[in-house]
Amino acid sequence: MSLSEIQNRIHAEERRVGREVGSTRLIAVSKVQPNERVAEVLAQGHRLFGENKVQEAAGKWPVFRAQYDDVEVHLLGPLQTNKVRQAMGLFQAIHSLDRPKLAKVLARLAQELGHCPDLFIQVNTGEEEQKAGVMPAAADAFITECRDLDLPIVGLMCIPPEGEEPSLHFALLRKIAERNGIAGLSMGMSSDFERAVAMGASHVRVGSAIFGARDYG
Ligand SMILES: *Cc1c(COP(=O)(O)O)cnc(C)c1O
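Numbers 9 to 225, taken from the numbering used here, label the letters of the sequence shown in order.
Right, dumping it as structure tokens:
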């Protein structure tokens with residue numbers, strides 16, 4: 009599917025459910041994709057991208073940013089505390105804040121550097137052992153803890169379990185956000201972004217549907 013087709017489908021879904029057209033931001037997830045494909049999407053005018061790894065983004069985005077100074081890159085994957093300083097220089101938003109230790113390091117460096125990327129707290133809505141994210145039952149307390157550290161919490165993020173109806177997870181994420189007065193919802197990927205738009209996503213994260221399958225070879 010082309011970028012414009014995805015954008016059209018998002019707009020159609022916004023219209024269908026009575027949301028303002030253009031109120032969902034599309035993050036083009038460029039992890040593992042060849043630079044030529046990323047360059048094509050940039051040339052089509054898209055400026056918001058997502059990456060999974062600090063190291064990969066560090067090798068890719070400074071060059072593109074020299075060409076397009078309005079490009080915005082969000083970190084979607086897990087963040088180790090020893091890479092926070094580097095991440096804060098590379099990304100305009102981080103979607104994977106999921107533990108107190110990481111929150112404390114972000115807060116300390118935000119003080120030191122005088123700026124902080126927008127932060128999304130990742131919630132493990134499926135309570136999956138192997139998946140990152142704060143458990144739903146612990147989310148309210150963790151949000152409070154982050155706010156007490158003066159961190160700019162703009163949203164919540166989730167990755168629903170394989171094989172489950174994603175809308176149930178999107179609804180849970182939305183409920184946690186609403187009761188905490190959080191506006192941003194980072195949810196929905198290639199296979200379910202329309203359902204996420206219907207559930208009120210502020211950001212959908214679409215990779216393979218835009219760029220084609222990732223070649224990890
Ligand atoms: C890779 C990835 C995506 C995009 O996945 P697609 O299925 O290719 O759309 C979205 N969110 C996160 C956190 C990812 O790691």
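Yeah, the Cβ is synthetic: ideal placement off N, Cα and C, and Gly gets one too.
Among the options, which one has its Cα closest to the Cα of residue i?
i: Asp231; options: Leu50, Lys183, Gly53 and His211; result: Past the edges of the chain, shown from 9 to 225, lies residue 231, and the structure says nothing about it.
i: Phe184; options: Met165, Pro169 and Ser198; result: The sequence given here places Ile at residue 184; Phe does not occur at that position. Of Met165, Pro169 and Ser198, the residue nearest in Cα terms is Met165.
i: Leu127; options: Gly134, Leu114 and Asn43; result: Leu114
i: Ser12; options: Gly225, Asp223 and Phe219; result: Phe219
i: Val46; options: Pro86, Arg93, Tyr76 and Gly208; result: Tyr76
i: Leu176; options: Ala217, Gly134 and Ser194; result: Gly134
i: Gly85; options: Ala51, Gln119, Val131 and His54; result: Val131
Say the cut is 7 Å; is the CB of residue i nearer than that to a heavy atom of ligand 1?
i: Lys39; result: yes
i: Ile167; result: yes
i: Arg213; result: yes
i: Ser10; result: no
i: Ala217; result: yes
i: Gly122; result: no
i: Leu84; result: yes
i: Met197; result: yes
i: Asn60; result: yes
Apart from the five residues just before and just after residue i, which ones in its own chain have a Cβ nearer than 7 Å to its Cβ?
i: Leu56; result: Arg33, Leu34, Ile35, Ala36 and Glu80
i: Ile161; result: Leu127, Ile129, Ile151, Cys154, Arg155 and Ile190
i: Arg17; result: Glu202
i: Ala179; result: Met207
i: Leu117; result: Val92, Arg93 and Met96
Is residue i buried or exposed, if buried means 16 or more other CB atoms sit within 10 Å of its CB?
i: Gly58; result: buried
i: Ala147; result: buried
i: Pro70; result: exposed
i: Pro125; result: buried
i: His103; result: buried
i: Val214; result: buried
i: Met197; result: buried
i: His123; result: exposed
i: Val62; result: buried
Can you find a heavy atom of ligand 2 that lies under 7 Å from the Cβ of residue i?
i: Gly220; result: In the structure on display, ligand 2 does not appear, and the ligands it does have are ligand 1.
Report all residues from its chain with a CB closer than 8 Å to the CB of residue i; omit the five preceding and five following residues, and keep chain order.
i: Gly67; result: none
i: Gly30; result: His19 and Glu22
i: Ala149; result: none
Within its chain, find whatever has a CB closer than 6 Å to the CB of residue i; leave out the 5 residues flanking it on each side and keep chain order.
i: Val40; result: Arg222
TODO: Let me know the alpha helix (DSSP H) ranges lying completely inside the segment 140-222, each 4 residues or longer, listed in chain order.
DONE: As far as the segment 140-222 is concerned, its whole alpha helix (DSSP H) runs of at least 4 residues are 144-156, 174-187, 201-206 and 216-219.
TODO: Entirely within the segment 81-136 and at least 4 residues each: give me those alpha helix (DSSP H) ranges in chain order.
DONE: The qualifying runs are 92-98 and 108-121.
Open item on the list: So within the segment 40-77, which uninterrupted alpha helix (DSSP H) runs reach at least 4 residues, ignoring any that extend past its ends?
Closed with: Scanning the segment 40-77 for uninterrupted alpha helix (DSSP H) segments of 4 residues or longer gives 43-51 and 62-75, listed from N- to C-terminal end.
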